[in-house]
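Under the numbering used here, the first residue of the sequence shown is numbered 2, with each subsequent residue one higher.
Beta carbons are placed, not taken as given, at the ideal position from N, Cα and C, and that holds for glycine.
Data first, discussion second: the structure below is written as structure tokens.
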Amino acid sequence: MILLNPGPVTLSDRVRRSLLLPDLCHREDEFFQLQEQIRTGLLDVYGLSGDTRAAILLTGSGTAAVEAMLISMIAEQGQLAVVENGVYGERMTNIAQRYGIATVPIRHEWLAPIDISRVAEALQSNPELTHLAVVHHETTSGRLNQLEPIAELCAEHGIRMLVDTVSSFGAEYIDFERWPLAACAATANKCLHGIPGVSFVVADRDALAAAGDPERSLYLDLANYCRQQDQGGTPFTQSIPAFYALREALSELTDHGGQVSRRQTYERRISKVRKVLTELEVQPLLADEDCSVVLQGFHLPQAVTYQQLHDDLKNQGFIIYAGQGDFAKTLFRISTMGDISDADMQRLLEALRNTISAD
Ligand SMILES: *Cc1c(COP(=O)(O)O)cnc(C)c1O
Numbered sequence: 002m003i004l005l006n007p008g009p010v011t012l013s014d015r016v017r018r019s020l021l022l023p024d025l026c027h028r029e030d031e032f033f034q035l036q037e038q039i040r041t042g043l044l045d046v047y048g049l050s051g052d053t054r055a056a057i058l059l060t061g062s063g064t065a066a067v068e069a070m071l072i073s074m075i076a077e078q079g080q081l082a083v084v085e086n087g088v089y090g091e092r093m094t095n096i097a098q099r100y101g102i103a104t105v106p107i108r109h110e111w112l113a114p115i116d117i118s119r120v121a122e123a124l125q126s127n128p129e130l131t132h133l134a135v136v137h138h139e140t141t142s143g144r145l146n147q148l149e150p151i152a153e154l155c156a157e158h159g160i161r162m163l164v165d166t167v168s169s170f171g172a173e174y175i176d177f178e179r180w181p182l183a184a185c186a187a188t189a190n191k192c193l194h195g196i197p198g199v200s201f202v203v204a205d206r207d208a209l210a211a212a213g214d215p216e217r218s219l220y221l222d223l224a225n226y227c228r229q230q231d232q233g234g235t236p237f238t239q240s241i242p243a244f245y246a247l248r249e250a251l252s253e254l255t256d257h258g259g260q261v262s263r264r265q266t267y268e269r270r271i272s273k274v275r276k277v278l279t280e281l282e283v284q285p286l287l288a289d290e291d292c293s294v295v296l297q298g299f300h301l302p303q304a305v306t307y308q309q310l311h312d313d314l315k316n317q318g319f320i321i322y323a324g325q326g327d328f329a330k331t332l333f334r335i336s337t338m339g340d341i342s343d344a345d346m347q348r349l350l351e352a353l354r355n356t357i358s359a360d
């Protein structure tokens with residue numbers, strides 16, 4: 002089965018085999034070496050230095066990392082603006098409000114691009130804001146949010162950015178040099194091609210220190226993880242198989258040419274899908290230049306339900322993904338992350354032609 006859902010992804014053989022490595026105790030040197038290799042490997046994906054930044058590893062899904070980032074990087078009296086244009090932006094507001102963090106949501110429709118004038122207005126009229134949270138690739142629609150203009154505004158206002166890069170880290174470009182990033186959060190099982198179970202936050206060390214270790218959560222306290230991981234330890238039991246897989250996936254990413262090359266691979270794959278679907282008169286949800294290379298959304302062809310399309314493709318070995326919320330009835334999504342061979346891609350394009358023209 003080839004997974005075309007936005008994570009977990011189809012594993013390569015070498016990542017799958019790494020799951021069979023020996024049992025480990027998480028209080029032994031072998032584990033600490035594994036942990037350190039992953040922390041360094043994650044920083045290496047974007048050429049970052051461990052002096053100024055820390056990759057902090059958690060056992061949990063992507064949402065755990067996003068939640069840990071929001072509640073650990075904002076000081077007790079800090080205030081947060083959240084730019085929303087999809088499920089994951091809205092989820093960040095939900096998280097922040099549950100912890101009683103003063104939050105200013107900047108709401109948009111799910112298909113809308115971020116309106117920079119509204120962000121500017123929100124920053125103007127809320128001088129107490131300390132942070133701004135935004136999703137990089139909003140997986141709801143497949144839109145790659147343009148973060149440069151937001152980063153410029155934040156820099157002008159002295160606001161630090163917290164970015165959900167769960168479905169972009171490892172594939173899309175993230176400007177760690179110029180954007181005023183306090184942190185970004187991501188997971189092993191999307192563009193990095195590991196298994197679910199480990200997620201992480203890449204934090205600016207000064208920004209983490211400046212937050213002053215707010216005590217909002219025991220388990221999701223990044224300052225605690227960071228302190229202990231820096232000393233070659235871990236506060237809690239980690240998912241060791243997921244760590245093995247992530248280490249292997251990171252070394253595979255390096256062997257395959259790193260983030261830039263992964264982006265090109267994804268782009269090549271998704272543009273083939275888009276081309277074939279467009280030929281079949283299936284309409285893409287967004288203009289090409291607005292889409293990530295990771296996932297694209299398409300309007301369901303007339304007279305085909307999502308369930309039919311899903312089941313037909315599943316019978317041919319491919320798992321596609323439904324729309325969320327109100328989108329469930331009108332669209333479908335395809336992601337081409339993971340270990341997908343050229344032959345698999347050919348079969349996929351054939352399967353799409355067969356399924357959609359037959360209807
Ligand atoms: C997948 C995803 C998440 C997290 O999902 P989990 O199911 O918790 O791993 C968060 N944000 C975005 C943008 C995502 O695509």
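Can Thr188 be considered in contact with ligand 1, in the sense that its beta carbon sits closer than 7 Å to one or more heavy atoms? Within the cutoff, so yes.
Use the C-beta contact count for Asp256: other C-beta atoms within 10 angstroms, 16 or more gives buried, fewer gives exposed. Answer is exposed; the Cβ neighbour count stays below 16.
For Ala97 and Ser358, I'd like the C-alpha separation in whole angstroms. Each residue's alpha carbon lies about 46 Å from the other.
Sort out for me which residues DSSP pairs Thr60 with in a bridge. In DSSP, Thr60 forms a bridge with Val199.
Can you find the residues in the same chain that come closer than 8 Å, C-beta to C-beta, to Ala66, ignoring five residues on each side of it along the sequence? Excluding the 5 residues flanking it on each side, Ala66 has same chain C-beta neighbours closer than 8 Å at Leu59, Val167, Ala186, Ala187, Thr188, Ser200, Phe201, Val202, in chain order.
Residues in its own chain within less than 7 Å of Phe177 by CB, not counting five upstream and five downstream? Cβ neighbours of Phe177 beyond the five flanking positions: Tyr47, Leu49.
Which of helix, strand or coil DSSP assigns to Cys227: Three-state result, Cys227: helix.
Let me know if Asn316 comes out buried or exposed under the rule of 16 or more other beta-carbons within 10 Å of its beta-carbon. With fewer than 16 other Cβ atoms within 10 Å, it is exposed.
Tell me whether Gln297 is buried or exposed, calling it buried when 16 or more other Cβ atoms sit within 10 Å of its Cβ. With 16 or more neighbouring CB atoms inside 10 Å of its own CB, Gln297 falls in the buried class.
Go ahead and pull the three-state DSSP assignment for Arg334. Under the three-state reduction of DSSP output, Arg334 falls in the strand class.
Label Cys292 either buried or exposed according to how many other C-beta atoms from any shown protein chain fall within 10 Å of its C-beta, with 16 as the threshold for buried. A residue is called buried when at least 16 other Cβ atoms come within 10 angstroms of its Cβ; Cys292 meets this threshold and is buried.
Quick check on Val88: does DSSP put it in helix, strand or coil? Residue state, collapsed to three classes: helix.
Nonlocal neighbours in the same chain, by C-beta distance under 8 Å from Tyr245, ignoring five residues either side: Excluding the 5 residues flanking it on each side, Tyr245 has same chain C-beta neighbours closer than 8 Å at Ser19, Leu20, Leu22, Leu35, in chain order.
Can you tell which of His27, His132, Pro106, Cys227 has the C-alpha that lies nearest to the C-alpha of Gly87? Residue Pro106 holds the alpha-carbon nearest to the alpha-carbon of Gly87 among His27, His132, Pro106, Cys227.
Looking at Asp205 and Leu219, is the spacing between their C-beta atoms short of 8 Å? No. Outside cutoff.
Starting from the C-beta of Ala76, find all residues in its chain whose C-beta is less than 8 Å away, skip the five residues before and the five after it, and write them out in chain order. Taking C-beta separations shorter than 8 Å and ignoring five residues to either side along the sequence, the partners of Ala76 in its chain run Thr131, Ala211, Ala212, Gly213, Pro215, following chain order.
Rounded to a whole number of angstroms, what is the C-alpha to C-alpha distance between Phe319 and Pro7? Rounded to whole angstroms, the separation of the alpha carbons of Pro7 and Phe319 is 13 Å.
Nearest-angstrom Cβ-Cβ length linking Asn95 and Ile115, presumed shorter than 8 Å: With a Cβ gap of about 19 Å, Asn95 and Ile115 do not count as contacting.
Report all residues from its chain with a CB closer than 7 Å to the CB of Arg270; omit the five preceding and five following residues, and keep chain order. Exclusion of the five residues before and after Arg270 leaves Thr337, Ile341, Met346 as the residues of its chain whose Cβ lies within less than 7 Å of its Cβ.
To which residues does DSSP link Arg108 through a beta bridge? Its beta-bridge partners are Glu85.
I need the DSSP call for Arg54, collapsed to helix, strand or coil. DSSP places Arg54 within a strand segment (E or B) once states are collapsed to three.
Express the C-alpha separation of Arg179 and Gly171 in angstroms, rounding to a whole number. Distance between the alpha carbons of Gly171 and Arg179: 18 Å.
Any heavy atom of ligand 1 closer than 7 Å to the Cβ of Asp165? Asp165: yes, Cβ under 7 Å from ligand 1.
Cβ-heavy atom distance between His138 and ligand 1 below 7 Å? Answer for His138: yes, Cβ within range of ligand 1.
Since Leu332 and His300 should fall inside the 8 Å C-beta cutoff, what is the C-beta to C-beta distance between them, to a whole number of angstroms? Between Leu332 and His300, the beta carbon gap of about 6 Å places them in contact (Cβ cut-off 8 Å).
Residues near Gly233 in its chain [Cβ-Cβ closer than 6 Å; skip 5 each side]: The residues are Phe33.
Would you call Pro150 buried or exposed, if buried means 16 or more other Cβ atoms sit within 10 Å of its Cβ? With fewer than 16 Cβ atoms within 10 Å of its Cβ, Pro150 is classed as exposed.
Select from Thr306, Val295, Gln309 the residue whose C-alpha is nearest the C-alpha of Leu4. Of Thr306, Val295, Gln309, the smallest CA-CA separation from Leu4 is found for Val295.
Does the beta-carbon of Thr64, which I'm using as the reference point, lie nearer than 7 Å to any heavy atom of ligand 1? Yes, ligand 1 has a heavy atom inside 7 Å of this Cβ.
So the beta strand (DSSP E) Asp165 belongs to, where does it begin and stop? First-last of the beta strand (DSSP E) with Asp165: 161-165.
So does Ser168 have its beta carbon nearer than 7 Å to some heavy atom of ligand 1? Ser168 Cβ: within cutoff of ligand 1.
Kindly indicate which residue of Arg228, Gly79, Glu173 has the alpha-carbon position closest to the one of Ala438. The structure shown does not extend to residue 438, since the chain is modelled only from 2 through 360, so no value can be given for it.
Below 8 Å on the Cβ atoms is my contact criterion, and I expect Ser1 with Leu287 to pass it. Report the Cβ-Cβ distance as a whole number of Å. Given a span of 2 to 360 for the chain in the structure shown, any question on residue 1 remains unanswerable.
Could you please give the first and the last residue of the uninterrupted alpha helix (DSSP H) stretch that includes Ala210? First-last of the alpha helix (DSSP H) with Ala210: 206-211.
Roughly how many angstroms separate the alpha carbons of Ser62 and Pro197, rounded to a whole number? The straight-line gap separating the alpha-carbon atoms of Ser62 and Pro197 is approximately 6 Å.
Judging by CA-CA distance, which residue of Asn355, Arg354, Arg348, Thr356 is the nearest neighbour of Met2? Minimum Cα distance to Met2 is reached at Arg348.
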